[in-house]
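Inspection log for the structure reproduced underneath, given as structure tokens.
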Amino acid sequence: MNKEIHPLKQAYYDIEIPKELAQAVQSGMERGRIQRKRMRTIKRWTTRIGVSTAVLFILLTLTVNTMPAFASSLKSIPGIGKLVQVLQFHNGSASGGSLQGAANIRHIQLEKEGAQESVILHFSEGSKPQKTASLFHVKISSYPSMMTFSMDARRFTAIDELKMLEQSQYIEDAYQIISMDDSLIRFNVVFNEAVKYEIKEYEEPAQVVITLQPMSTADLTQKPSMYSLRTVSAPYGESQGLFEEVLSDREGKRILKDEEGMFLVEAGLFHTRAEAEKSLQDIEEQLGMAKQFVIEERAFSQVPATIMASEN
Numbered sequence: 001m002n003k004e005i006h007p008l009k010q011a012y013y014d015i016e017i018p019k020e021l022a023q024a025v026q027s028g029m030e031r032g033r034i035q036r037k038r039m040r041t042i043k044r045w046t047t048r049i050g051v052s053t054a055v056l057f058i059l060l061t062l063t064v065n066t067m068p069a070f071a072s073s074l075k076s077i078p079g080i081g082k083l084v085q086v087l088q089f090h091n092g093s094a095s096g097g098s099l100q101g102a103a104n105i106r107h108i109q110l111e112k113e114g115a116q117e118s119v120i121l122h123f124s125e126g127s128k129p130q131k132t133a134s135l136f137h138v139k140i141s142s143y144p145s146m147m148t149f150s151m152d153a154r155r156f157t158a159i160d161e162l163k164m165l166e167q168s169q170y171i172e173d174a175y176q177i178i179s180m181d182d183s184l185i186r187f188n189v190v191f192n193e194a195v196k197y198e199i200k201e202y203e204e205p206a207q208v209v210i211t212l213q214p215m216s217t218a219d220l221t222q223k224p225s226m227y228s229l230r231t232v233s234a235p236y237g238e239s240q241g242l243f244e245e246v247l248s249d250r251e252g253k254r255i256l257k258d259e260e261g262m263f264l265v266e267a268g269l270f271h272t273r274a275e276a277e278k279s280l281q282d283i284e285e286q287l288g289m290a291k292q293f294v295i296e297e298r299a300f301s302q303v304p305a306t307i308m309a310s311e312n
């Protein structure tokens, strides 16, 4: 595996970085340094996360639906505290928790009961369980169907437990994505099919519970392919955060892992290749970065392909 990945890494490192990108990257890094010195506020935090595009939300309302109620389903899960809220999604996004300081995502738990599954996130501050959940944001997107979690935390001791989520019958992959802010932890949970979901926030102790169930046959419909405007694949690292910073004005941007375990930044999804090509032209005119991007046709549940710069 290492022998196969090495030439891919080398191809990536051989990419010529345009001067405009270098300038944008330097500007982004400087802004990042300044922001990390300021007190984080709820307004700044939620603004950074952004929201899903309207076209994605229309697709998601057809394919990923919230469940009406799961109050009784959590009785068998030990340690559940007081219910704070059931998250309400708007345009594919929802938030919860509050600013808590130096929090830690300390444990991830997977519970199964028949066709229903629950993923429980546990938090701590120092050596003690946290009473109230840290500020967090959840974004739903598709192609592939997934949730992106962004959490106000400085430590992620449960990171190795993300792999355990692949034992779920609904979860294809779960992995951390880069954050240029040292007080923001982010990770993706990718589904192998469309699912019904509900997310609840609890306190005393602080927990976030994601409950999953299969879609009914009546809700499943065939979805057409979409066209992804994305960067070439690269090893996990700051390059994804820098590209994301450069694309900060694009609401549909996201970081994804491809089929070979490399990473990429998606600038947007489009119904037609012509729309994707027009967006690529805009990126070239504004940033001079067209050589760093490719257009990929992708099915609804398809993981992004590994595409290196030499293939562009």
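Quick note, the sequence shown lines up with residues 1 to 312 if you use full-length UniProt numbering. Heads up, the beta-carbon is just placed ideally off N, CA and C, and yes, glycines get one too. Just so you know, these numbers come straight off a predicted model, no measurement behind them.
- Does the segment 155–169 touch the segment 267–286, meaning 3 or more C-beta pairs lie closer than 8 Å? No: fewer than three Cβ pairs fall under 8 Å.
- Close beta carbons around residue 324, own chain, < 8 Å, minus the five adjacent residues each side: Past the edges of the chain, shown from 1 to 312, lies residue 324, and the structure says nothing about it.
- Message: Whether or not the segment 125–133 and the segment 222–235 are in contact is what I'm after, with contact meaning three or more pairs of Cβ atoms, one per stretch, closer than 8 Å; do they touch?
- Response: Not touching, per the Cβ criterion.
- Task: Quick one: residues in its chain with C-beta nearer than 6 Å to the C-beta of Phe156, no 5 flanking neighbours on either side, listed in chain order?
- Result: Along the sequence shown, one-based indexing puts residue 156 at 156. Closer than 6 Å at the Cβ level, and outside the excluded window around Phe156, lie Ile105, Ile185.
- Rounded to a whole number of angstroms, what is the C-alpha to C-alpha distance between Lys257 and Gly92? Sequence index remark: in the sequence shown, residue 257 carries index 257 (1-based). Sequence index remark: in the sequence shown, residue 92 carries index 92 (1-based). Roughly 20 Å separates the two Cα atoms.
- Item | Minimum length 3: unbroken beta strand (DSSP E) runs contained in the segment 197–245 | Those beta strand (DSSP E) runs which fall completely within the segment 197–245 and span 3+ residues are 207–214, 226–231.
- Simplified DSSP state of Leu168, which is helix, strand or coil: Here residue 168 refers to the residue found at position 168 when the sequence shown is read from its first residue. First, the residue type needs correcting, since residue 168 is Ser and not Leu in the sequence shown. Annotated three-state conformation of Ser168 is coil, per DSSP.
- Message: Within the continuous beta strand (DSSP E) that includes Ile80, where are the two ends?
- Response: Taking the first residue of the sequence shown as position 1, residue 80 is located at position 80. Premise fails: Ile80 is in no beta strand (DSSP E) and is neither H nor E.
- Query: In its own chain, which residues sit with a C-beta less than 7 Å from the C-beta of Arg254, not counting the 5 before and 5 after it?
  - Reply: Taking the first residue of the sequence shown as 1, we reach residue 254 at position 254. These residues qualify, in order along the chain: Ser141, Thr148, Glu266.
- Backbone CA spacing between Met215 and Ser145 [nearest angstrom]: If you number the sequence shown from 1, residue 215 lands on position 215. If you number the sequence shown from 1, residue 145 lands on position 145. Cα-Cα distance, rounded: 13 Å.
- Item | Helix, strand or coil at Arg186 [DSSP, three-state] | Here residue 186 refers to the residue found at position 186 of the sequence shown. In this structure, Arg186 counts as strand in the three-state DSSP scheme.
- Message: Please identify the residue among Lys131, Ala194, Ser279 whose C-alpha is closest to the C-alpha of Gln302.
- Response: Position 302 of the sequence shown holds residue 302. Out of Lys131, Ala194, Ser279, Ala194 has the C-alpha closest to the C-alpha of Gln302.
- Task: Below 8 Å CB to CB, which residues in the same chain sit around Glu259 once its five sequence neighbours on both sides are set aside?
- Result: Here residue 259 refers to the residue found at position 259 of the sequence shown. So the qualifying residues of the chain are Val303, Pro304, Ala305, Thr306.
- Message: Using the three-state DSSP reduction, which class does Arg36 fall into: helix, strand or coil?
- Response: Counting from one through the sequence shown, the residue named residue 36 turns up at place 36. Note that Arg36 scores 47 on pLDDT, short of 50, meaning its location in the model is unreliable and no value can be drawn from it.
- Query: Distance, Cα to Cα, Glu245 vs Ile295?
  - Reply: Within the sequence shown, residue 245 is the residue found at index 245, counting from 1. Within the sequence shown, residue 295 is the residue found at index 295, counting from 1. Rounded to the nearest angstrom, the gap between the Cα atoms of Glu245 and Ile295 is 20 Å.
- Message: At the level of alpha carbons, what is the spacing between Ile171 and Glu198?
- Response: Position 171 of the sequence shown holds residue 171. Position 198 of the sequence shown holds residue 198. Straight-line measurement puts the Cα of Glu198 at about 15 Å from the Cα of Ile171.
- Query: Quick one: what does DSSP say Arg155 is sitting in, helix, strand or coil?
  - Reply: Counted from its first residue, the sequence shown places residue 155 at position 155. Note: Arg155 maps to strand in three-state DSSP.
- Message: Once the 5 residues before and after Pro129 are set aside, which same chain residues still bring their CB inside 6 Å of it?
- Response: The residue given as residue 129 occupies position 129 in the sequence shown. Within the same chain, Pro129 has close Cβ partners Pro205.
- Measure the C-alpha to C-alpha separation of Ala133 and Val208 and round it to an integer number of angstroms. Working through the sequence shown from its first residue, we reach residue 133 at position 133. Working through the sequence shown from its first residue, we reach residue 208 at position 208. When rounded, the distance between both Cα atoms is 7 Å.
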